[in-house]
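To start, the structure itself, in structure tokens.
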Amino acid sequence: MIAQIMINTNAKELNKVFDYIVPKEMEKLISIGARVFVPFGRGKNFSEGYVLDLKENSEFANKEIAKIEDNILTDENIELAKLMAEKYFCNVSDCIRLMLPPGNTSKDLTKRIREKTAKFVYLALEPEVILSDIENNKIKSQKHIKLLKFLIENNGIEISDLEAITDVSRTIMKTLEKNGYINFKEEKVERNPLIHKDIKRDEKLNLNDEQLDAYNRIDFFIENNEFAEFLLHGITGSGKTEIYLQLIEKVLKLGKRAMVLVPEISLTPQIIDRFLARFGDCIAVLHSKLSDGERFDEWNKIKEDRAKIVIGARSAIFAPVKNLGILIIDEAHDASYKSDMTPRYHAKELARYIAKKNNFPLVLGSATPDVVDYYKAENFDKELIELNKRANDAKLPDVKIIDMRKQLAIGNRSMFSLELQEEIQKNLNQHKQTILFINRRGYSTFVMCRDCGHTMKCNSCNIALTYHSYENRLKCHYCGHEELIPKKCPECGSKNIKYFGAGTQKVESEIQKLFPNATTIRMDIDTVTKKNSHEQILNKFKNEDIDILIGTQMVAKGHHFPNVTLVGIVAADGSLNIGDYRAEERTFQTLTQVSGRAGREKEKGRVIIQTYNPDNYSIVCSQKQDYKKFYEGEIQLRKSLNYPPFCDIILIRIHSENEEKVKKISQKIYDELIKENNKNILIYKPVPSPIDKIQNVYRWRIVVKCKLNRNSLNTISKVVKKFYESRNKDVSIVVDCNPNNML
Ligand code: ADP
Ligand code: ZN
Ligand code: ZN
Numbered sequence: 001m002i003a004q005i006m007i008n009t010n011a012k013e014l015n016k017v018f019d020y021i022v023p024k025e026m027e028k029l030i031s032i033g034a035r036v037f038v039p040f041g042r043g044k045n046f047s048e049g050y051v052l053d054l055k056e057n058s059e060f061a062n063k064e065i066a067k068i069e070d071n072i073l074t075d076e077n078i079e080l081a082k083l084m085a086e087k088y089f090c091n092v093s094d095c096i097r098l099m100l101p102p103g104n105t106s107k108d109l110t111k112r113i114r115e116k117t118a119k120f121v122y123l124a125l126e127p128e129v130i131l132s133d134i135e136n137n138k139i140k141s142q143k144h145i146k147l148l149k150f151l152i153e154n155n156g157i158e159i160s161d162l163e164a165i166t167d168v169s170r171t172i173m174k175t176l177e178k179n180g181y182i183n184f185k186e187e188k189v190e191r192n193p194l195i196h197k198d199i200k201r202d203e204k205l206n207l208n209d210e211q212l213d214a215y216n217r218i219d220f221f222i223e224n225n226e227f228a229e230f231l232l233h234g235i236t237g238s239g240k241t242e243i244y245l246q247l248i249e250k251v252l253k254l255g256k257r258a259m260v261l262v263p264e265i266s267l268t269p270q271i272i273d274r275f276l277a278r279f280g281d282c283i284a285v286l287h288s289k290l291s292d293g294e295r296f297d298e299w300n301k302i303k304e305d306r307a308k309i310v311i312g313a314r315s316a317i318f319a320p321v322k323n324l325g326i327l328i329i330d331e332a333h334d335a336s337y338k339s340d341m342t343p344r345y346h347a348k349e350l351a352r353y354i355a356k357k358n359n360f361p362l363v364l365g366s367a368t369p370d371v372v373d374y375y376k377a378e379n380f381d382k383e384l385i386e387l388n389k390r391a392n393d394a395k396l397p398d399v400k401i402i403d404m405r406k407q408l409a410i411g412n413r414s415m416f417s418l419e420l421q422e423e424i425q426k427n428l429n430q431h432k433q434t435i436l437f438i439n440r441r442g443y444s445t446f447v448m449c450r451d452c453g454h455t456m457k458c459n460s461c462n463i464a465l466t467y468h469s470y471e472n473r474l475k476c477h478y479c480g481h482e483e484l485i486p487k488k489c490p491e492c493g494s495k496n497i498k499y500f501g502a503g504t505q506k507v508e509s510e511i512q513k514l515f516p517n518a519t520t521i522r523m524d525i526d527t528v529t530k531k532n533s534h535e536q537i538l539n540k541f542k543n544e545d546i547d548i549l550i551g552t553q554m555v556a557k558g559h560h561f562p563n564v565t566l567v568g569i570v571a572a573d574g575s576l577n578i579g580d581y582r583a584e585e586r587t588f589q590t591l592t593q594v595s596g597r598a599g600r601e602k603e604k605g606r607v608i609i610q611t612y613n614p615d616n617y618s619i620v621c622s623q624k625q626d627y628k629k630f631y632e633g634e635i636q637l638r639k640s641l642n643y644p645p646f647c648d649i650i651l652i653r654i655h656s657e658n659e660e661k662v663k664k665i666s667q668k669i670y671d672e673l674i675k676e677n678n679k680n681i682l683i684y685k686p687v688p689s690p691i692d693k694i695q696n697v698y699r700w701r702i703v704v705k706c707k708l709n710r711n712s713l714n715t716i717s718k719v720v721k722k723f724y725e726s727r728n729k730d731v732s733i734v735v736d737c738n739p740n741n742m743l
């Protein structure tokens, strides 16, 4: 028997299978997906590899497999990994690593996470026997008696706990073992991230008409074991989560399992608590805030079918669940479902593949769907379900748009409009809470005229130009167009042209100056790096009388604070000028989501949006949470400029520490692409990336616009392969399909 082995390596030129002989005694034990050790290359050590296929004969095989490590991967894993490697331009082994147990990818076997075990202490005799021995003075030491009496009440306790509670040393325990009173047993201990939770159980709610209709449409496919992709578009608070919960209940009743993906950032305790309240502890969670050990144990809980519901961030899509009956992606528009690292996969695409293959429905839920998804739903490529009212009759908040240009005109130079200052004061007086949001995504500032609000944009792309300090120029991230910074505003002729950019810290210090008695708490990447700090900040805000929460995107999603009645968006323009064709879409999504945090209970919420672009349609539409109107404007624009969904964007990034070389290779790749192209692909000339040097690495890129299909993938893949074969060690290239950002 011959096994086709893929070596576990990042080396691009080794992304191919090698034939190995399977020794007779291993033939019964080996399977597709097995991890093995094989002799490879010149080194004496064995290399790890994965069995991709088994066959009878081979002309090339001359070495034998040395050892089988385990059979943890399935042939479905292998099939998916192969598919991903093609689609996302990466090595098969890059994809396989995502499917292995967490903490199991290190080449150094001793560094891999394993099951955690601990010593447990048990009584070796019946309690009556021990008690009578104590009575008959066979046991005299008070310490011995104390320990045994404790064990009679608490048999089977971890040794370290026993030691801590009874203050009896291990030496004494050893003596008791020798005398035949107690035993030690090595047992598995589970690292459970939800252990500290004590959640009251709740009951399902009576669905309203809209919810019931949604439930029934999806349930039909659950009942019939059929694939369908649903876009569940419902305004914030319309009761989407309640629908998920009831669909999952149904799936579990049928003896199947459920998976729910949530954006990493909103994988807050609050959403997990709702599932715990409904389903108890048959839940496994997978996300990056868990320790490796916890993730390893959650993964095993899923593998051994002890978890019925998996809730996790993007990579949970690889969790080893069998027998799924539904897959739900909440906030499906969120950028975190797309990986920014190799393999650059999109969880939505993999979810679609898995659901189709296994015949169950996929549900994409969102208050602000991805424009591409909505377009497809409108064109009958998905089932569209819309929820138009709030489920608990909470009113949508009152949203006011404040034109910041006028603030300047009346002499207010602060970051906060007089209206926002007034509303904050009102909330402080009434002991209500406030959230202030500021979007500081993106690396570069944008350039704008302070008098008329005009932002410098590229003429042919309708994209905000980014200021590059390295060369002191304005550049377009899409077509490579560049220009000098104008001395005067091209719109109104004013010389009052400024660079903008303020973050959460600046907001916090300004608030403290204006309202010295207000208590504030800040939530952004800087403050939530520690484990559970996310949860701690939110709890602190909720329970400890903090007046104002200041934060980035993190404060926008999923939270439910009953006492928050005011949301202030300090600079709505921040996401408008990120140099990306999705700027408007992201702005609309964020504003709608942040606004949704205000007044989620009886009292109506107030939202203040500060902007220099009060007429921008994404801002205007977010005022009434009017997705439809926004979508209509946006899709027109996308069509006229040929952006997704009317094409896909493939970004080829070329990086090197050698500036000359990166330029030369980029040109070479471009020439190859032009040569291979059969006219269906639009290839832009190579240009330096918007951030053209990071840590002394020069970054160039080629933008390709086309439909992603076999033909276009082949064309690009041919050129990329040629590059890998030429073994240009000091230049690296990465291909990213529909990337999250163009930087
Ligand atoms: P979404 O996920 O769309 O934001 P949720 O499911 O969180 O909405 O629901 C918003 C609020 O409405 C929650 O407090 C929820 O308990 C409540 N709710 C949802 N469905 C119902 C229902 N059928 N009857 C009463 N209240 C409901
Ligand atoms: Zn101007
Ligand atoms: Zn351009």
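All the letters of the sequence shown, read from the start, carry residue numbers 1 to 743 under the numbering used here. Note that the Cβ used here is the ideal one computed from N, Cα and C, for glycine as well. Keep in mind it's a predicted model, so treat the numbers as computed, not measured.
6 Å Cβ shell around residue i - same chain, five flanking residues per side excluded
| i | result |
| --- | --- |
| K303 | P320 |
Proximity to residue i [Cα-Cα], best of the options
| i | options | result |
| --- | --- | --- |
| I165 | K718, N379, L148, F184 | L148 |
| E378 | V731, N71, E229 | E229 |
| V687 | E482, Y724, T117 | E482 |
| I218 | H655, L384, Y612, K395 | L384 |
| T519 | I550, T105, G493, K67 | I550 |
| N738 | D370, N616, S533 | D370 |
| L151 | D167, P127, S169 | P127 |
| D305 | K289, T590, G293, N323 | N323 |
| Q425 | T504, A316, Q512, H346 | Q512 |
| L109 | L637, R35, R352 | R35 |
| N459 | N472, G480, F46, G411 | G480 |
| M554 | Q142, E584, L247, Q593 | Q593 |
beta-carbon residue i near ligand 1 non-hydrogen atom, thresh 6 Å
| i | result |
| --- | --- |
| S31 | no |
| K240 | yes |
| T236 | yes |
| L252 | no |
| L205 | yes |
| A391 | yes |
| N208 | yes |
Own chain, CB closer than 7 Å to residue i, minus 5 neighbours either side, in chain order
| i | result |
| --- | --- |
| G325 | I222, V251, L254, K256, R257, A258, F360 |
| E676 | T715, K718, V719 |
| Y749 | Nothing about residue 749 can be read from this structure; the chain reaches only from 1 to 743. |
| L408 | R450 |
| K604 | K395, P397, D398 |
| I311 | V260, V262, I272, F275, I283, V285 |
| K629 | C621 |
| L14 | I7 |
Paired residues, beta bridge with residue i - DSSP
| i | result |
| --- | --- |
| W299 | Looking at the DSSP assignment, W299 forms no beta bridge with any residue, so it has no partner. |
| E229 | L362 |
| E383 | F230 |
| R522 | I550 |
Whole-angstrom C-beta distance between residue j and residue i, which should lie under 8 Å
| i | j | result |
| --- | --- | --- |
| A335 | N740 | 5 Å |
| E177 | L205 | Not a contact, Cβ separation roughly 55 Å. |
| N8 | S106 | N8 to S106, Cβ: 10 Å. No contact. |
| S595 | S618 | Between S618 and S595 the Cβ distance is about 13 Å, and since that is not below 8 Å, they are no contact. |
| Q610 | I402 | 5 Å |
| R201 | S291 | Their Cβ separation, rounded to whole angstroms, is 28 Å, which puts R201 and S291 out of contact at 8 Å. |
| D19 | I32 | D19 to I32, Cβ: 14 Å. No contact. |
| L364 | L232 | 7 Å |
Residue i Cβ short of 6 Å to ligand 2 heavy atom set
| i | result |
| --- | --- |
| D573 | no |
| E229 | no |
| D403 | no |
| D451 | yes |
| C489 | yes |
| C282 | no |
| H454 | yes |
| C479 | no |
Proximal residues to residue i (C-beta, below 8 Å), its chain only, five neighbours per side dropped
| i | result |
| --- | --- |
| E115 | K188, F296, D297, N300 |
| D281 | L194 |
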